[in-house]
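First residue of the sequence shown? That's 3 in this note's numbering, and the numbers climb one at a time after it.
Yeah, the Cβ is synthetic: ideal placement off N, Cα and C, and Gly gets one too.
Report on one structure; see the data block that follows.
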Amino acid sequence: MANDNVQNDHTLTKAGEDYLEAIYRIALEQPDDDKSVRSVDIAESLDVSKASVNKALSQLKEQDMVEQSRYGRVTLTKEGEANARTTWRAHRALRTFLEEGFGAHTETRLIYTSYAADDICRLHPKVLRVTNNRNRQLRHVRKTQRQRTPPTRKH
Numbered sequence: 003m004a005n006d007n008v009q010n011d012h013t014l015t016k017a018g019e020d021y022l023e024a025i026y027r028i029a030l031e032q033p034d035d036d037k038s039v040r041s042v043d044i045a046e047s048l049d050v051s052k053a054s055v056n057k058a059l060s061q062l063k064e065q066d067m068v069e070q071s072r073y074g075r076v077t078l079t080k081e082g083e084a085n086a087r088t089t090w091r092a093h094r095a096l097r098t099f100l101e102e103g104f105g106a107h108t109e110t111r112l113i114y115t116s117y118a119a120d121d122i123c124r125l126h127p128k129v130l131r132v133t134n135n136r137n138r139q140l141r142h143v144r145k146t147q148r149q150r151t152p153p154t155r156k157h
């Protein structure tokens with residue numbers, strides 16, 4: 003059976019990112035002293051079965067993205083939280099961009115947003131790749147400019 007959460011190079015797939023993001027969003031709603039979430043809440047959030055959650059959690063534990071207590075509560079590791087936060091922010095930014103670009107009518111945006119959610123998930127890796135490439139180019143240009151600029155002398 004195909005592994006839906008881990009690719010051969012051990013990077014997260016869309017499904018893995020979805021689970022991490024769901025855990026992250028649910029944890030944000032928890033009191034400050036408890037960032038653990040129940041697997042049943044993950045299942046409800048993603049509209050999947052508890053068995054699917056258990057399988058995904060096993061794979062995410064193998065990647066050291068989550069930890070699960072003896073009583074079943076799930077917490078993100080530092081790496082898992084970093085991945086989840088990045089995914090969550092990218093999805094929010096793309097959703098906002100697409101909603102604002104689509105128009106001002108609330109009903110239209112709500113309909114569009116529900117259909118766009120899957121597209122947003124597919125777009126975000128491409129947008130991140132383009133953004134990261136552009137940032138590398140800008141850093142290179144700035145570095146080159148600094149190297150070409152002669153130091154100013156103080157008199």
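Does the distance from the CB of residue 96 to the CB of residue 86 come in under 8 Å? no
Around the Cβ of residue 21, are there at least 16 other Cβ atoms within 10 angstroms (buried) or fewer (exposed)? buried
So, with DSSP's three-state summary, where would you put residue 70? strand
DSSP on residue 15, reduced to helix/strand/coil? coil
Bridge-paired residues (DSSP) for residue 77: 69
Please report the distance separating the alpha-carbon of residue 141 from that of residue 16. 29 Å
Once you ignore the five residues that flank residue 23 on each side, which residues in its own chain have a CB closer than 6 Å to its CB? 86, 89 and 90
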